[in-house]
Amino acid sequence: MSEKFLEIKDLAVTYETDEENVNAVNSISFSLNKGETLGIVGETGAGKTTTALSIMQLLPKEVGKIKNGSIIFNDENLLEKNSHYLRQIRGEKISMIFQDPMTSLNPVLTVGEQIGEALELHNKAKKENINQRVGEIMELVGIPAARKSEYPHQFSGGMKQRVVIAIALACEPELIIADEPTTALDVTIQAQVLDLMDELKNTLNTSMIMITHDLGIVAQTCDKVAIMYAGEIIESGTLEDIFSEGNHHPYTVGLFNSIPKLNDKKTRLEPIDGLMPDPTNLPKGCKFHPRCLHCMKKCKMEEPKVYKKGTKTIRCHLYDN
Amino acid sequence: MSQPLIQTKNLKKYFNTSKGLLHAVDNVNLSINKGKTLGVVGESGCGKSTLGRVVLRLLDATEGEVLYKGDNILEYGKKDMKELKKKLQIIFQDPYASLNPRMTVAQIIEEVFIVNKGIISKKQMRNRTKELMETVGLANRLINAYPHELDGGRRQRIGVARALALEPDFIVCDEPVSALDVSIQAQILNLMMDLQEEKNLTYMFITHDLSVVKHISNEIAVMYLGQCVEKVSSDELFQNPLHPYTKALLSAIPIPELGAKNRKRDIIEGEITSPINPKPGCRFSARCKYSTSKCSANDIPLKEVSKGHYVACVLY
Amino acid sequence: MKNNKKQKSLVWKRLKKNKLAVVGLAILTIIILTAIFSGFIVDYEKQVIKQNMKIRLQPPSSEHLLGTDSYGRDILSRVLYGSRYSISLGFIVVTFALLIGGTIGAIAGYFSGKIDNVLMRIMDIFLAVPSVIMAIAIVSVLGTGFINLAIALVISNIPVYARLLRSTILTVKDSEFVEAADAIGTSTFRIITRHILPNSLGPVIVQATFSLASAILAAAGLSFLGIGIEPPKPEWGAMLTEGKEFLRDMPYLVIFPGMAIAATVLSLNLLGDGLRDALDPRLKK
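Note that the protein sequences, when read in sequence, are chains A, B and C.
Under my numbering, the first residue of the first sequence is numbered 744, with each subsequent residue one higher.
Under my numbering, the first residue of the second sequence is numbered 594, with each subsequent residue one higher.
Under my numbering, the first residue of the third sequence is numbered 54, with each subsequent residue one higher.
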């Protein structure tokens, strides 16, 4: 069962505002098989969330524009579909878990009603069965079914995120996009939620895109990894490709060196110098070259091509033949 | 034994809330020697930020003592306190909220000298500001920039420069890097460590991120619901954690390595409650798998189980 | 300084995009210029208050563009000159209400607790009385006239600003930058004036444009009721009163001053709406 069921090709997204044009995503391509988890890693402004919103077609209206590319989901290009069709896909086939559980729930509806709403919208259960199904889903994510008539404010942060997960899972979607699902949570709660998501993914055989800035979370939950920088995927591969020794993009190396490690003795970190480039005014050539330790003449002029080896891709001139 | 620079004795801070008395900081005893860093670790609501603010007298303590070079600063009058504030500084978590959006970089730093008259003359102010900006790695061309024009890392450097302006001995760092991206986080951590070495600064480093705290601290205090549950040198804590909460905290950190999926982890159930009208006994006992009837009988004091290793748990 | 300009020009740029706000600003500019220069354009003694019964109640003509009123005075001159009362009254009311109400609100918001309770309950008492009725009461005690009318309107506007400033300050005061100022030893006064107030001004500016409009309207209303600015001064509201007897036959006696009031109030409201959008970073597209 290793068919590509999501394939993104040359996707480019720009935010056009009064003052400027922000090139948030610049021609990225990746694919996902059934049952796999892809981790998209990057720092603030790398274009992770924009990528996720493009798949869901939830970019801010009038501002966010998809300039190029295709998003093939189950052999259909989502970019060519009308809004009615997309609305059916959302929630039923693809659902999203947002970062902040405090704001992604409606405070005036009980959690049971909110989970039931998802089922109702997509006719996933008969009216009389909805109540029972809601209870089942809640037990699945580890909330006692008796709490379904409570309101979001009666839940703690971790429990709210479980409710959000329950809503996302209600229609048993084929793909879940989780945008920093645990960033707002404490570590011990994060561990609980990640464990839960992992378990659910395995029992339901759902695919997942995990968007995060935390390489630790990636190591713990993902099969494949794509590292984004300034709107591009600069390196991708299997978990082993990225986390084991070998050829890497200089940014990947820098990212790993920036993390304080638990099992090292106290030493100086080796951060990447400089800052993310301004997405309204990206540098010529390789977008990482102003911060790169291995910057060559070529890097300032030409955009690097994608270098492929097995399952691994690197976008860097160092690996030109 | 030299005298610690900062010491707290039975420090307490309670807040009145509509639901009852919130024991934000409850009987905390800590000491930090000059030039060292004490890491204070805990999850949200454990009272670590409140502790930092009480030590600086940004909040008034309910009970207990805060000693600076042996003097109880909680007894200081307004005038002495204003003098002392020059020696005790703070770096805030959110580099977006901690800078006045209507002031330029220069104005923010110079404000320190305007408020504390007599440190340097008006003429020297601009030069001193430029020096400070250089110290923290901010280009001089940014001197008239507004915070909203700068990224998080640069803003945090302004925060550091402001804290350094009065040449303090002691700085409370309240999650100074948790709002920053990893590559920028590393830059700021390095800056803070360099400054410590150069100026012999003493830090109280408050954070929820154990890997960061290990990196920068000499000693670590783990807090849970207002109390310190374990206190030990940084290396020892990671090699030999004793308190069940510390163990759970350590195993909850996702490690960026292959094989992380198969790591055996100690996931604790339940959630942090809040220390409103707490019952006597160990506050962690409700989530602890080793919990026995002994745990909830009496308050459990910190006990030295081996040299320099303090833990508050009936198991030891 | 360069950057400060940048920030201001951004607000200006967003304001310019709002067509209605630009129209409002244009009308308002014309009215303000009229108010400033009307003393030079028309002669108060000869054209504005001098009665000439021979030419009373004339319809618009080339000589009197908007016609004449029941005392034979040129309506155009009176409407132009009347802008002085409305505009100056509006600005005086807003300035003083802002200063007094703002201070009360700032104190209440910053110190909270008992001071807050006492001050805001007093403000609540003021708010409980409808502002026009309050103004009528004050004027009937103090007597009519420009100054007394201004005092009445200032008093009825104070609670509005007190509440507004209190609430914005409550949100700003818990910011970390205020705590940071405390940490370096800044005095309370300096914290309020240097750190809190400049960050609370956005909503105040917007409120000021709206209450400028309502003050002008209230002044006209009170003058219409005969307890504002007394005749023969050509206040717009007073002109309406004079004209209302002839409403059926000579409607232009009422229409022109009425239009002046409407235009002023409308332009201020349009501008206020535009400012609110332009100053709010969340609405940034």
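Note that CB positions come from ideal geometry on N, CA and C, so glycine has one too.
Where residue i falls, given that 16 or more other Cβ within 10 Å makes a residue buried
| i | result |
| --- | --- |
| A/E763 | exposed |
| B/E790 | exposed |
| C/M417 | No answer is possible for residue 417 of chain C: the residues shown for chain C start at 54 and end at 338. |
| B/V785 | Correcting the residue identity first, residue 785 of chain B is Met in this sequence and not Val. By the 10 Å Cβ count, B/M785 comes out buried. |
| A/M1044 | exposed |
| C/K337 | For C/K337, the pLDDT reaches just 44, beneath the cut-off of 50, and the residue's location in the model is therefore unreliable, although a value from the coordinates is still provided. Looking at its Cβ environment, which holds fewer than 16 other Cβ atoms inside 10 Å, C/K337 is exposed. |
| B/K710 | exposed |
| B/Y883 | exposed |
| A/R1058 | buried |
| A/S745 | Caution applies to A/S745, whose pLDDT of 49 falls short of 50 and renders its modelled position unreliable; the value that the coordinates give is listed next. When all chains shown are included, A/S745 counts as exposed. |
| A/S1001 | buried |
| B/F877 | buried |
| C/K55 | Residue placement at C/K55 is poorly supported in this model, since its pLDDT is 41, which falls under 50; the coordinates are not used for a value here. |
| B/T866 | exposed |
| A/Y828 | exposed |
Beta-carbon gap between residue i and residue j smaller than 8 Å
| i | j | result |
| --- | --- | --- |
| B/G640 | B/M816 | yes |
| B/A841 | B/L631 | no |
| C/I140 | C/T121 | no |
| A/I771 | A/I751 | yes |
| A/S844 | A/G900 | The question names Ser, but residue 844 of chain A is Pro in the sequence shown. Their beta carbons are under 8 Å apart, which means A/P844 touches A/G900 by this criterion. |
| B/A756 | B/T697 | no |
| A/H992 | B/V775 | no |
| C/G162 | C/R243 | no |
| B/T728 | B/A699 | no |
| C/S276 | C/A291 | yes |
| A/D938 | A/E779 | no |
| C/T221 | C/I269 | no |
| C/I258 | C/L142 | no |
Beta-ladder partner(s) of residue i, from DSSP
| i | result |
| --- | --- |
| C/K226 | DSSP, once it has assigned bridges, lists no residue as partnering C/K226. |
| B/G613 | B/T610 |
| A/F773 | A/I751 |
| A/S979 | A/A969 and A/T1056 |
| B/N665 | B/L660 |
| A/L918 | A/I837 and A/S950 |
| B/N622 | Paired residues: none, contrary to the question. |
| A/D938 | Note: A/D938 sits in no beta bridge, so no partner. |
| B/E897 | B/Y903 |
| B/S826 | B/E812 |
| B/C881 | DSSP output for B/C881 lists no bridge partner at all. |
| B/V806 | Answer is none; B/V806 lacks a bridge partner. |
| C/N105 | DSSP, once it has assigned bridges, lists no residue as partnering C/N105. |
| A/L1051 | In the sequence as displayed, the identity of residue 1051 of chain A is Lys instead of Leu. Looking at the DSSP assignment, A/K1051 forms a beta bridge with A/T1056. |
| B/Q682 | B/I764 |
| A/E819 | A/F816 |
Residue from the options with nearest C-alpha to residue i
| i | options | result |
| --- | --- | --- |
| B/V910 | B/L818, B/I781 and B/P761 | Nothing about residue 910 of chain B can be reported from this structure: the residues present for chain B run from 594 to 909 only. |
| C/G274 | C/A261, C/F263, C/E288 and C/T262 | C/E288 |
| B/L644 | B/A690, B/L725, B/L818 and B/A772 | B/L818 |
| B/K671 | C/D235, C/M312 and C/P310 | C/D235 |
| A/E856 | A/A868, A/E915, A/N948 and A/I873 | A/I873 |
| A/N1006 | B/G745, B/P597, B/L788 and B/P849 | B/P849 |
| C/A88 | C/S114, C/G135, C/L68 and C/K70 | C/G135 |
| B/V708 | B/P694, B/L759, B/R876 and B/P688 | B/L759 |
| B/K602 | B/S844, B/V898 and B/V659 | B/V659 |
| C/I178 | C/L223, C/V192, C/A331 and C/A215 | C/A215 |
| C/I102 | C/P284, C/P112, C/I157 and C/I200 | C/P284 |
| B/E823 | B/Y669, B/G730, B/L649 and B/V898 | B/V898 |
| C/F93 | C/S130, C/Q260 and C/L68 | C/S130 |
| C/L265 | C/F90, C/L172, C/L195 and C/A203 | C/A203 |
| B/I869 | B/P847, B/G638, B/V705 and B/E812 | B/G638 |
Inter-residue CB distance, residue i and residue j (contact presumed, cutoff 8 Å)
| i | j | result |
| --- | --- | --- |
| A/Y972 | A/G785 | 6 Å |
| A/D922 | A/Q842 | 5 Å |
| B/L667 | A/E983 | That belief does not hold up - the Cβ atoms of B/L667 and A/E983 are roughly 56 Å apart, past 8 Å. |
| A/I952 | A/A789 | Rounded, the Cβ-Cβ distance is 14 Å, inconsistent with contact. |
| A/N766 | A/T757 | 5 Å |
| B/H801 | A/D929 | 7 Å |
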